[in-house]
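>
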Amino acid sequence: MSSSDTDSGTATDTNEQPPSATDRGDPASDPVVDIEDVTFGYTATPVVEGVSLTVESGEYVAIVGPNGSGKSTLMQLLLGLLEPDSGTARLFGERADRFDDGERVGYVAQNADVGKEMPITVREVVKMGRFPHIGFDRLVDDDQSLVAALREKPLGTTRGAVETVFGRLTRSDWAAVDDALETVGMTAFADRRITQLSGGQRQRAFIARALASQADLLVLDEPTVGVDAESVDAFYDLLAALNAEGITVVLIEHDLGAVVEHADRVVCLNRELYFDGQTEAFVESDALARAFGTEARLLTEGSE
Amino acid sequence: MSIDVAAPLVWSVFTIVDPSVLLPLQGGVGAVGDLVFGALTWLLEQWYWLMDWAYYFTRLEMLNPRYRFMHRAILVGLCIGVMAPLIGTFLVHRQLALIGDALAHTAFAGVAVGLFLNAVIDLGVSPYLTAVVVAMIAALFIEIISEVTNAYNDVSMAIVLSTGFALGTTLISLNAGGLAVGVNQYLFGNLATVSPQSAAILLVLFAVIVATVTVTRNQLLYVTFDETAAAVSGIPVNWYNRITVMLTAMVVVGAMQIMGVILVAAMLVVPVAGATQVSRSFSESLVVSVVLAELAVVLGIAVAFYAGATAGGIIVLVAVGIYVCTVAVGKVQTIRGNQTTPDVASIETDSTEASAGVGDD
Numbered sequence: 000m001s002s003s004d005t006d007s008g009t010a011t012d013t014n015e016q017p018p019s020a021t022d023r024g025d026p027a028s029d030p031v032v033d034i035e036d037v038t039f040g041y042t043a044t045p046v047v048e049g050v051s052l053t054v055e056s057g058e059y060v061a062i063v064g065p066n067g068s069g070k071s072t073l074m075q076l077l078l079g080l081l082e083p084d085s086g087t088a089r090l091f092g093e094r095a096d097r098f099d100d101g102e103r104v105g106y107v108a109q110n111a112d113v114g115k116e117m118p119i120t121v122r123e124v125v126k127m128g129r130f131p132h133i134g135f136d137r138l139v140d141d142d143q144s145l146v147a148a149l150r151e152k153p154l155g156t157t158r159g160a161v162e163t164v165f166g167r168l169t170r171s172d173w174a175a176v177d178d179a180l181e182t183v184g185m186t187a188f189a190d191r192r193i194t195q196l197s198g199g200q201r202q203r204a205f206i207a208r209a210l211a212s213q214a215d216l217l218v219l220d221e222p223t224v225g226v227d228a229e230s231v232d233a234f235y236d237l238l239a240a241l242n243a244e245g246i247t248v249v250l251i252e253h254d255l256g257a258v259v260e261h262a263d264r265v266v267c268l269n270r271e272l273y274f275d276g277q278t279e280a281f282v283e284s285d286a287l288a289r290a291f292g293t294e295a296r297l298l299t300e301g302s303e
Numbered sequence: 000m001s002i003d004v005a006a007p008l009v010w011s012v013f014t015i016v017d018p019s020v021l022l023p024l025q026g027g028v029g030a031v032g033d034l035v036f037g038a039l040t041w042l043l044e045q046w047y048w049l050m051d052w053a054y055y056f057t058r059l060e061m062l063n064p065r066y067r068f069m070h071r072a073i074l075v076g077l078c079i080g081v082m083a084p085l086i087g088t089f090l091v092h093r094q095l096a097l098i099g100d101a102l103a104h105t106a107f108a109g110v111a112v113g114l115f116l117n118a119v120i121d122l123g124v125s126p127y128l129t130a131v132v133v134a135m136i137a138a139l140f141i142e143i144i145s146e147v148t149n150a151y152n153d154v155s156m157a158i159v160l161s162t163g164f165a166l167g168t169t170l171i172s173l174n175a176g177g178l179a180v181g182v183n184q185y186l187f188g189n190l191a192t193v194s195p196q197s198a199a200i201l202l203v204l205f206a207v208i209v210a211t212v213t214v215t216r217n218q219l220l221y222v223t224f225d226e227t228a229a230a231v232s233g234i235p236v237n238w239y240n241r242i243t244v245m246l247t248a249m250v251v252v253g254a255m256q257i258m259g260v261i262l263v264a265a266m267l268v269v270p271v272a273g274a275t276q277v278s279r280s281f282s283e284s285l286v287v288s289v290v291l292a293e294l295a296v297v298l299g300i301a302v303a304f305y306a307g308a309t310a311g312g313i314i315v316l317v318a319v320g321i322y323v324c325t326v327a328v329g330k331v332q333t334i335r336g337n338q339t340t341p342d343v344a345s346i347e348t349d350s351t352e353a354s355a356g357v358g359d360d
């Protein structure tokens, strides 16, 4: 029914992204993720060693590997939550650990990691996606647009500035929240408490949060753990639809069946990079057996 | 080493440091302090006036103008009822409920430091002020330990807690003499000892806490709900964690006056736990927790006055009673909610098109 409306709505949103990206001073040609020869270890033994990985805008990349292979560590490195011991990690051409356009990156964690027993509605969760756009952090941010506006038109912008400082969402913020809810089909659930949702619905809410922040890059860490099989399919369809609209998707996953079915490109990791290329080539290669070290088979339900 | 040897020893250490060094410092801070204190005293006067009117209308004995201390206790109680659940909400949902307890015990050490300095070098500051300082330092310490070790660690919290209490008891025992008598007031709180000065300190703490939470509530919420995603979105998570624990230290010291060291953590936790049972959204839970806390405080103070019991204990008992009620209400709500939820299923609408293309195997 309203799907075409939604699609066109989000499409214009993504069309608006590039000019603002150039405003920020990074050329559109920069890869979204650029990891070069990165090594990282929590102790002396590296968890990730000599990994290089480039993700261009609009790609759908899955990172696979056995448990303890450094997938999540690599994800934290590319998000800038960890600083590499050697090598460089860059996001949108900026150093990942100093990257401060947080709204361009959406992060969806494993189901188990968040939620807890907190009383919070779906709308409030999605609203968080707007927080990087508001709040007094904006005043001290690099772009300083608000400070500049204040200097030019003190009276006119004071109200806006006060609202920004107090973290009020403007009408356009709320519109972005509603759009995001509609895109993931959760409008009917907006006022539901998040703890009452099923795993799949919850993950949709977190995707909506990323969409509300107008993220160009979606990073998902094993998003379908603890989600029932039926919702998993719907979830991947949603990811595919978002990717088709131009959002870059980086998926960390150990369900190999899902990866082969949905991703365009597979990165296979076990401390070092074992494979990086098209999904078809990955299926035919022996990278899987080498990385997992066993007779791992594709298309197994829950490969543990 | 026995107490009567140690006391003169420490005394002599402090007499070597000339107390007059502190005088100019005290002068500068004092001028600003006097101004603020004057404004707050004026505020207190207005409050007395309001309470007097309340007395003439209600004829409640506990509001009798003869009992000025009750007027102050009610004011302090109402402030606690706002700020404790306000901060507590952010703590409880991060499984940090016990940090309040740890900070209360370090605040006790701060009180002991204050009493000690007053006795030894005649510093003349309120023990609550030194408690704020010491508790905030301890809070920062706990936070930095957790940042270094990458987890809030109950071992480090237990160490800070017991260190605080040990330091407090040691300092107080060194101060042999009249001071040990006054310690009960800090351990268990007391309605009658809320002096105008400590009420003024509380008002300042209240203003700082409410203002900080108002400005940073979005970031605090994001950090509380999903720390990693908050970090990814560019929020300086560590700074907000530090702010949270330091505000907690302030709340703890503020609430200590009538709740006492031992029970102060209850105000941070119990109303929030009750609100969690019955609310659906986060903003609703904030409001509900404040309402529940105010209810507990007002009822508790009233019961304590008429029964002649310790306010802190009664307030906590009332709060727990309210919590039990909210659990029951919450259960009824979920049962009724389950009966009225067949309107699910509109979720697949926009993905049907995409799934038709991809197919399923």
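For the protein sequence lines, the chains are A and B, in the order given. All residue numbers for the first sequence refer to numbering that gives the first Met the number 0, where the first residue is 0 and numbers rise by one. All residue numbers for the second sequence refer to numbering that gives the first Met the number 0, where the first residue is 0 and numbers rise by one. Virtual Cβ for every residue (Gly too), placed ideally from N, Cα, C.
Against A/G101, what residues of chain B qualify as contacts under a CB-to-CB distance less than 8 Å, listed in chain order?
V231, S232, G233, I234
> Going by beta-carbon coordinates alone, are A/A108 and B/T223 separated by less than 9 Å?
With respect to the 9 Å criterion, A/A108 and B/T223 are not classified as neighbours on the basis of their beta carbons.
> Quick check on the burial criterion: 16 or more other C-beta atoms within 10 angstroms. Buried or exposed for B/A198?
Taking all protein chains in view, the Cβ of B/A198 is crowded by 16 or more other Cβ atoms within 10 Å, so the residue is classified as buried.
> Determine the chain A residues that contact B/Q332 at a beta-carbon separation under 9 Å, and present them in chain order.
By Cβ distance, chain A contributes nothing, its closest Cβ being about 10 Å from B/Q332, past 9 Å.
> Anything in chain A within Cβ reach of B/F281, meaning under 8 Å, just list it in chain order.
Identification of chain A residues near B/F281 by a Cβ-Cβ cut-off of 8 Å yields M117, P118, I119, T120, E123, ordered along the chain.
> By a C-beta neighbour count over all protein chains shown, 10 Å radius and 16 as the cutoff for buried, is B/V31 buried or exposed?
exposed
> Residues of chain B with CB under 8 Å from A/I133, in chain order?
N217
> I'd like to know if A/R289 contacts chain B, where contact means its C-beta is closer than 9 Å to some C-beta of that chain.
no
> Just the chain B side, please: which residues come within less than 8 Å of A/A108 by C-beta, in chain order?
D225, T227, A228
> Quick check on DSSP: helix, strand or coil for A/T247?
Looking at A/T247 - three-state DSSP - the assignment turns out to be strand.
> In chain order, what residues of the segment 261-279 of chain A put their CB closer than 7 Å to some CB of chain B?
none
> Answer with yes or no whether the minimum CB distance from B/T40 to chain A is below 9 Å.
no
> How is A/G225 classed by DSSP in three states: helix, strand or coil?
coil
> Measuring straight from C-alpha to C-alpha, what distance separates A/A239 and A/I251?
Whole-angstrom Cα-Cα distance: 15 Å.
> Out of curiosity, what's the CA-to-CA distance linking A/R191 and A/R122?
8 Å
> For A/R129 versus A/A211, is the C-beta distance shorter than 9 Å?
Judged by beta-carbon spacing, A/A211 lies within the 9 Å limit of A/R129, meaning their Cβ atoms are closer than that value.
> Comparing the C-beta of A/V248 with each C-beta of chain B, is any distance below 9 Å?
Not a single CB atom of chain B sits nearer than 9 Å to the CB of A/V248.
> With three or more beta-carbon pairs closer than 8 Å as the criterion, would you say the segment 179-194 of chain B touches the segment 249-257 of chain B?
yes
> Among all the DSSP beta bridges, which residues are the ones paired with A/R94?
A/R89
> Residues of chain B with CB under 7 Å from A/V46, in chain order?
Within chain B, no residue comes near A/V46; the closest Cβ sits about 15 Å away, beyond 7 Å.
> Closer than 8 Å by beta-carbon distance: list the chain A residues that pair up with B/S278, in chain order.
P118
> Between A/F39 and A/G92, what straight-line distance do the alpha-carbon atoms span, to the nearest angstrom?
20 Å
> Could you give the first and the last residue of the continuous alpha helix (DSSP H) run that contains B/Y239?
Element bounds for B/Y239: 236-277.
> Measuring CA to CA, which of A/E35, A/V63, A/Y41, A/G57 is closest to A/L287?
A/V63
> Use the C-beta contact count for B/P64: other C-beta atoms within 10 angstroms, 16 or more gives buried, fewer gives exposed.
exposed
> Listed from N- to C-terminal order along the chain, which residues in the segment 210-227 of chain A have their beta-carbon within a distance smaller than 8 Å of any beta-carbon of chain B?
S212, V218
> Mind checking A/S51: buried by the 16 CB within 10 Å criterion, or exposed?
exposed
> Compare the Cα-Cα distances from B/Q276 to each of B/T88, B/L128, B/A111, B/V250 and report the closest residue.
B/T88
> Take the Cβ of A/S230 as the centre, count every other Cβ of all protein chains shown within 10 Å, and call the residue buried at 16 or more, exposed below.
buried
> What would DSSP say about B/Q94, mapped onto helix, strand or coil?
coil
> Closer than 8 Å by beta-carbon distance: list the chain B residues that pair up with A/V104, in chain order.
The answer, in chain order, is V231, S232.
> Closest to B/N240 by C-alpha separation, out of B/V252, B/T211, B/Y66, would be which residue?
B/T211
> Pull up the DSSP beta-bridge partners for A/Q277, would you.
A/R264, per the DSSP bridge assignment.
> Measuring straight from C-alpha to C-alpha, what distance separates A/E221 and B/M69?
Each residue's alpha carbon lies about 57 Å from the other.
> Would you check if the distance between the CB atom of B/V110 and the CB atom of B/F187 is smaller than 9 Å?
no
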